[in-house]
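Report on the following structure.
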Amino acid sequence: MIQPLAYIHPQAKIADNVVIEPFSTIQGDVIIGEGTWIGPNVTIMNGARIGKNCKIFPGSVISGVPQDLKFAGEETTVEIGDNTTIRECCTINRGTKDRWKTVVGKNCLIQAYCHIAHDCFVGDNCIFSNSTTLAGHITIGDYVVLAGLVAIHQFVHVGSHAFVTGGSLVRKDVPPYVKAAREPLSYVGINSVGLRRRGFSSDQINEIQDIYRTIFVKKHNITTALDIIEAEKQPTEIRDEILDFIRDSNRGIMRGFASS
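The numbers in this note's numbering rise by one with no breaks, and the one at position 209 of the sequence shown is 630.
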């Protein structure tokens, strides 16, 4: 159902059972999957690729031109996965020639006033609380939870299943499975509550905790800690994911545990 007070460019590709409420604008190079709801006063700009059964609330602007002075008008996109909800007044900018697209995965909840800048890749099942801001070129893994007012520096990588507390400034990479808090951002434990909710076993949670105790609590430097883990712990998917994440980090990872 498309309300007569909405503007839909004739070249836009709108699937069956899409609802577009009054005063929304859909430009020409746009694809919207079936069952999606576009609320009133939403702007969907060229390059948007929106999946099935999404919900986009009033005031949001999807696929706006990147806020990047190097952008030269290249044809780029925003891809939003199925079943993702984008609440009021969010802005998601399309990519540049660095990655050619900005991606938000499936089953995500992007709460009000969030900003996702150009060339960000956000995984599946993520939750961004109100006013979270991602600068350009950021990579977010699956099942990441960012609490309200989190601000993330460009090119940062946040690993899967991580939790970042409200008001945090994220300048360094955040490894998978951890909780991050304080200023400057630091390791404060593993995301055990989230992991249990997602079906991780006690043995897996204990494995993650032992690995991060070596990395962050025992006062080793990172190189030594990784060597100890590799030598003393049997290879597993979890162990190798953590080791690979840290070794591949370009910005370096956040600081370790501190008692004060």
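The beta-carbon is built from N, C-alpha and C at its ideal position, and this holds for glycine as well.
Supposed contact pair residue j and residue i - C-beta distance, whole angstroms, cut 8 Å
{"i": "L567", "j": "F549", "result": "5 Å"}
{"i": "G468", "j": "T446", "result": "Between T446 and G468 the Cβ distance is about 14 Å, and since that is not below 8 Å, they are no contact."}
{"i": "D540", "j": "G557", "result": "5 Å"}
{"i": "P596", "j": "I659", "result": "Rounded, the Cβ-Cβ distance is 11 Å, inconsistent with contact."}
{"i": "H430", "j": "G449", "result": "4 Å"}
{"i": "V591", "j": "V577", "result": "6 Å"}
{"i": "T512", "j": "V486", "result": "Their Cβ separation, rounded to whole angstroms, is 11 Å, which puts T512 and V486 out of contact at 8 Å."}
{"i": "S607", "j": "R676", "result": "5 Å"}
DSSP state of residue i mapped onto helix, strand, coil
{"i": "L490", "result": "coil"}
{"i": "N438", "result": "coil"}
{"i": "I682", "result": "Given a span of 422 to 681 for the chain in the structure shown, any question on residue 682 remains unanswerable."}
{"i": "N504", "result": "coil"}
{"i": "F666", "result": "helix"}
{"i": "I626", "result": "helix"}
{"i": "S481", "result": "coil"}
{"i": "V614", "result": "helix"}
{"i": "T388", "result": "A question about residue 388 goes unanswered here, because the residues of the chain that appear run from 422 up to 681."}
{"i": "I559", "result": "coil"}
{"i": "G673", "result": "coil"}
{"i": "Y633", "result": "helix"}
{"i": "R660", "result": "helix"}
{"i": "V543", "result": "strand"}
{"i": "V638", "result": "helix"}
{"i": "T446", "result": "strand"}
{"i": "T719", "result": "Residue 719 lies beyond the stretch modelled for the chain, which goes from 422 to 681, so this question has no answer here."}
{"i": "T554", "result": "strand"}
{"i": "S680", "result": "For S680, the pLDDT reaches just 49, beneath the cut-off of 50, and the residue's location in the model is therefore unreliable, leaving the point undetermined."}
{"i": "T586", "result": "coil"}
Spatial neighbours of residue i in its chain, beta-carbon cut-off 8 Å, leaving aside the 5 residues before and after
{"i": "R617", "result": "I626"}
{"i": "N474", "result": "G454, E455, G456, T457, D503 and N504"}
{"i": "H641", "result": "T635 and I649"}
{"i": "D631", "result": "K654"}
{"i": "G587", "result": "S550, A568, G569, L570 and V571"}
{"i": "H582", "result": "G562, D563, Y564, V565, P597, Y598, N612, G615, L616 and R619"}
{"i": "D545", "result": "G502, G526, K527, N528, C529, D563 and Y564"}
{"i": "Y428", "result": "S445, T446 and I447"}
Spatially closest choice to residue i from the options, by CA coordinates
{"i": "R470", "options": "K527, V595, E651 and I650", "result": "K527"}
{"i": "Q575", "options": "G454, R660, S589 and D594", "result": "D594"}
{"i": "A538", "options": "K522, K654, C529 and S613", "result": "K522"}
{"i": "L664", "options": "V614, E455, G677 and D648", "result": "D648"}
{"i": "V440", "options": "K600, N671, Q424 and I465", "result": "Q424"}
{"i": "M466", "options": "S623, A433, H582 and A583", "result": "A433"}
{"i": "F542", "options": "T554, Q532, V524 and L555", "result": "V524"}
{"i": "L408", "options": "V579, N546, Y564 and D545", "result": "Since the displayed the chain opens at 422 and closes at 681, residue 408 lies outside it and no answer follows."}
{"i": "A436", "options": "M422, G620, Q488 and G615", "result": "M422"}
{"i": "N438", "options": "K476, L426, T464 and T560", "result": "K476"}
{"i": "V638", "options": "V609, S622 and S623", "result": "V609"}
{"i": "I559", "options": "S670, E442, A652 and I452", "result": "S670"}
{"i": "F478", "options": "L426, E442, E651 and P656", "result": "E442"}
{"i": "T657", "options": "I573, E500, D624 and T644", "result": "D624"}
Close beta carbons around residue i, own chain, < 6 Å, minus the five adjacent residues each side
{"i": "G502", "result": "G472, G526 and K527"}
{"i": "L530", "result": "T506 and I548"}
{"i": "S680", "result": "Its pLDDT being 49, under 50, S680 is placed unreliably in this model, and the value from its coordinates should be taken loosely. The answer is none, since no qualifying residue turns up."}
{"i": "G480", "result": "N462, E509 and C510"}
{"i": "G673", "result": "K593"}
Cβ-based neighbour list, residue i, same chain, cut-off 7 Å, excluding 5 preceding and 5 following
{"i": "K491", "result": "T517"}
{"i": "S552", "result": "Y534, C535, G569 and L570"}
{"i": "G494", "result": "none"}
{"i": "S589", "result": "V571, A601, A602 and L606"}
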